[in-house]
Amino acid sequence: MPATIYPLRTPVKREKTPEDVGASLYRCVSALYPLHRCITGEGLRATLQIIGQKIPLKIHEVPTGTEVLDWIIPKEWEIREAWIAREDGTRIVDLADSPLHVVQYSTPVHAWMTLRRLRPNLHTLPKQPNLVPYRTSYYDEAWGFCLSERVLDRLAAEVGEDEELEVHIDSSLYDGSLTYGECVIPGKTDDEVLFSAHACHPALANDNASSLAVALALARHLEKRTNLRYTYRFLFAPGTIGAVTWLARNRRGVDRIKHGLVLANLGDAGDFTYKMTRRGTLDAPLAVDRAVSWSLRETNLDVRPFEPSGYDERQFGSPGFDLPVGRLTRTPHGEYPEYHTSGDNLDLVQPKALAESLEALIRFVDILEGDTVYQNTQPFGEPMLGRRGLHASSEGSESRRALLWVLNLSDGEHSLLSIAERCGLSFTAVRAAADRLLKERLLEAV
Ligand code: ZN
-13 MPATIYPLRT PVKREKTPED VGASLYRCVS ALYPLHRCIT GEGLRATLQI IGQKIPLKIH
47 EVPTGTEVLD WIIPKEWEIR EAWIAREDGT RIVDLADSPL HVVQYSTPVH AWMTLRRLRP
107 NLHTLPKQPN LVPYRTSYYD EAWGFCLSER VLDRLAAEVG EDEELEVHID SSLYDGSLTY
167 GECVIPGKTD DEVLFSAHAC HPALANDNAS SLAVALALAR HLEKRTNLRY TYRFLFAPGT
227 IGAVTWLARN RRGVDRIKHG LVLANLGDAG DFTYKMTRRG TLDAPLAVDR AVSWSLRETN
287 LDVRPFEPSG YDERQFGSPG FDLPVGRLTR TPHGEYPEYH TSGDNLDLVQ PKALAESLEA
347 LIRFVDILEG DTVYQNTQPF GEPMLGRRGL HASSEGSESR RALLWVLNLS DGEHSLLSIA
407 ERCGLSFTAV RAAADRLLKE RLLEAV
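Numbering (the working numbering), first residue to last: -13 to 432.
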């Protein structure tokens, strides 16, 4: 019997599906999640190193004691061990199990003390008894442990308040530096779009590993694009002090930022929330505010005004800078029960949500890149579209409507985004209509 000969299959390069994108983003979140990030130190550097393996990232180190605006770069913190043990050596809480177990920036301690004496240094969440809180003490010298209320209750039941416990935190605070990373993707102009994601939370997945992964993927996407109009700057820095440091060191160049977004919490299953720019809230919405709204118009986007609390939009939107920087999240900080607890783990983050967040940001960039003001070259009466092959009956009504709207509102005043807002069509449809009209010389750039 002759052997069956199967033809060699030529591998077909498959387009990436949203599932592929989501899975790849989720892998990135999983790699970043467990690192012992803090506002300074090796966990932050390791995080930036992972990011720097994928995109060109310039790492900056700013020495302890440097004055940055009204702040001073703090000492660098290193943590090696942190645990509480019973007399028989059984460890009740151990940093080795999770970086959340120690208050960030804890000073060193080694002592024997009763639970009664130790209690002021223990942090739990009585209303969420199974979760470990995330606590920091960057600017006040303190030490402490975080544990679940359940573990604390069990300990109290087993040892009582007066048995001596061994308490050990092996940490150091020393003159080192604060680290941040910057990736710049050049475009045709020096006008910049800024994306900023804080990079200082240990073992928390949505806040902030999700936004690091999405920002990284967006930078990789932009790197592959040619002919970008804007220069794109990605800032990966510790919250508050990192943004303050970057602003202090770039004070003279910040005028180049024409649009910007702080990115956070982009992996949970909640709807998108956009916090407007300061200036857009006080006056009329800015281009960045409108571009975010339009790119997410088919979702249940919640648009909120600027307020001086939240993430680093507070620094970019401080009155001296007043930069056009809004904030995009899914569920905002403090509004999901797992926020700043051990419940913000890899189960909270969804590949589908990550992929949607990335797609939304790409649509946002497409609007910024494509938004232009044109002038109709035949403004007296409607130009004869049929003669130019622009009125084929086979075409959908949407593209015909887009042509008519673009022709009518391209009066040297209305940009394509404002035309899309007026007619309710997608920016893609309006941009495509403008491209066809440009080809027929019915439009010219202003
Ligand atoms: Zn946070």
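Quick reminder that beta carbons are idealized off the backbone N, C-alpha and C, glycines included. None of these values were measured; they are calculated from a predicted model.
Flag Asp193 as yes when its Cβ comes closer than 6 angstroms to any non-hydrogen atom of the ligand ZN, and as no otherwise. Yes - the ligand ZN has a heavy atom lying nearer than 6 angstroms to the Cβ of Asp193.
So with Cβ pairs under 7 angstroms, would you call Arg215 a contact of chain B? Considering every chain present, this structure includes no chain B. It has just one protein chain.
If you pair each beta-carbon of the segment 239 to 254 with each one of the segment 306 to 322, do three or more pairs fall below 8 angstroms? With the cut-off at 8 angstroms, the segment 239 to 254 and the segment 306 to 322 touch.
Whose CA, out of Tyr216, Tyr12, Asp74, Ser92, lies closest to the CA of Phe350? Among Tyr216, Tyr12, Asp74, Ser92, the Cα nearest to that of Phe350 is on Tyr216.
Near Gly329, which residues of its chain fall below 6 angstroms by C-beta distance, leaving aside the five closest residues on each side in sequence? Excluding residues within five positions, the ones whose Cβ falls inside 6 angstroms are Leu117.
May I ask you to report which of helix, strand or coil DSSP gives Cys409? Here Cys409 sits in helix by DSSP.
In angstroms, rounded to a whole number, what distance separates the CA positions of Lys113 and Val170? Lys113 and Val170: Cα-Cα distance of roughly 44 angstroms.
Per DSSP, what kind of secondary structure is His187 in: helix, strand or coil? His187 falls in the coil class under three-state DSSP.
Run through DSSP, which three-state label would Ile433 get? Since the first residue shown for the chain is -13 and the last is 432, residue 433 is missing from the structure and cannot be characterised.
Determine, using beta carbons only, whether Phe220 and Phe181 come nearer to each other than 7 angstroms. Going by beta carbons, Phe220 and Phe181 fall inside the 7 angstroms limit.
Does the Cβ of Asp357 have 16 or more other Cβ atoms within 10 Å, making it buried, or fewer, making it exposed? Result: buried.
Ignore the nearest five residues each way along the sequence and tell me which others in Arg121's own chain have a CB closer than 6 angstroms to its CB. So the list reads Val89, His109, Cys132, once near-sequence residues are dropped.
Leaving out the 5 sequence neighbours to the left and right, which residues in its chain are closer than 8 angstroms to Ala9 when beta-carbon positions are compared? When the five nearest sequence neighbours on each side are left out, the beta carbons in the same chain lying within less than 8 angstroms of the beta carbon of Ala9 are those of Pro337, in order along the chain.
Under 8 angstroms by Cβ, that's how I've got Ala277 and Leu354 pegged, so tell me the actual separation to the nearest angstrom. About 6 angstroms; that satisfies the 8 angstroms criterion.
Answer with buried or exposed for Met262, where buried requires no fewer than 16 other C-beta atoms within 10 angstroms of its C-beta. Buried is the label assigned to Met262, since at least 16 other Cβ atoms lie within 10 Å of its Cβ.
If you draw a straight line from the alpha carbon of Leu371 to that of Lys2, how long is it in whole angstroms? Using only the alpha carbons, I get a separation of about 37 angstroms.
Whole-Å CB distance - Thr285 paired with Ile59, under 8 angstroms assumed: Their Cβ separation, rounded to whole angstroms, is 40 angstroms, which puts Thr285 and Ile59 out of contact at 8 angstroms.
Limits of the unbroken beta strand (DSSP E) element including Asn362: Residues 359 to 362.
Do Trp98 and Glu147 have their C-beta atoms within less than 7 angstroms of each other? The beta carbons of Trp98 and Glu147 sit no closer together than 7 angstroms.
Is the Cβ-Cβ distance between Tyr464 and Val179 less than 7 angstroms? This structure cannot settle anything about residue 464, because the visible part of the chain is limited to -13 through 432.
Using a Cβ-Cβ cut-off of 6 angstroms (strictly less than) and excluding sequence neighbours within five positions of Cys14, which residues of its own chain qualify? Ala199.
I want to know whether the segment 250 to 265 touches the segment 72 to 81 - three or more CB-CB distances under 8 angstroms. With the cut-off at 8 angstroms, the segment 250 to 265 and the segment 72 to 81 do not touch.
Can you give me the start and stop residues for the alpha helix (DSSP H) that Thr259 sits inside? Here Thr259 belongs to no alpha helix (DSSP H); instead the beta strand (DSSP E) covers 259 to 261.
CA nearest to the CA of Arg265, picked from Leu287, Pro294, Trp391, Phe258: When only C-alpha atoms are compared, the closest one is Pro294.
Pull up the DSSP beta-bridge partners for Cys435, would you. Residue 435 lies beyond the range of the chain shown here (-13 to 432); nothing can be said about it.
Candidates Leu208, Ala143, Leu141, Asp193, of which the one nearest Pro172 by Cα: Each of Leu208, Ala143, Leu141, Asp193 was checked against the Cα of Pro172, and the nearest Cα belongs to Leu208.
With 16 other CB atoms within 10 Å as the buried threshold, where does Glu345 fall? The Cβ neighbour count for Glu345, taken over all protein chains shown within 10 Å, is under 16; the residue is labelled exposed.
Please report the Cβ distance between Leu164 and Gly228, rounded to the nearest whole angstrom; I am assuming they are in contact, meaning their Cβ atoms lie under 8 angstroms. Indeed, because the Cβ distance is near 7 angstroms, the residues count as touching under 8 angstroms.
Residue nearest to Ala183 in terms of C-alpha spacing, selected from Thr363, Tyr297, Tyr91, Thr327: The candidate whose alpha carbon is nearest that of Ala183 is Tyr297.
Check each candidate in Arg316, Ser343, Phe366, Ala234 and name the one with the smallest Cα separation from Ser304. Selected option, being the one with the closest Cα: Ala234.
At what residues does the alpha helix (DSSP H) containing Pro49 begin and finish? Careful: Pro49 lies outside any alpha helix (DSSP H), inside the beta strand (DSSP E) at 44 to 49.
Roughly how many whole angstroms lie between the Cα atoms of Ile433 and Gly167? Only positions -13 to 432 of the chain appear in this structure, which leaves residue 433 out of reach.
With 16 as the cutoff for other CB atoms within 10 Å, does Ala191 come out buried or exposed? By the Cβ-count criterion, Ala191 is buried, with 16 or more other Cβ atoms from all chains shown falling within 10 Å of its own Cβ.
Got a sec? Which residues, its chain only, sit under 7 angstroms from Leu18 by beta carbon, not counting five neighbours each side? If we look at Leu18 and ignore the five residues flanking it on each side, its Cβ neighbours are Thr33, Ile36, Ala195, Leu198, Ala199.
Glu299 to Thr226, Cα distance in whole Å? The alpha-carbon atoms of Glu299 and Thr226 are separated by roughly 9 angstroms.
Ala205: which of Leu332, His187, Leu43, Trp63 sits nearest, CA to CA? Taking only the C-alpha atoms, the option nearest Ala205 is Leu43.
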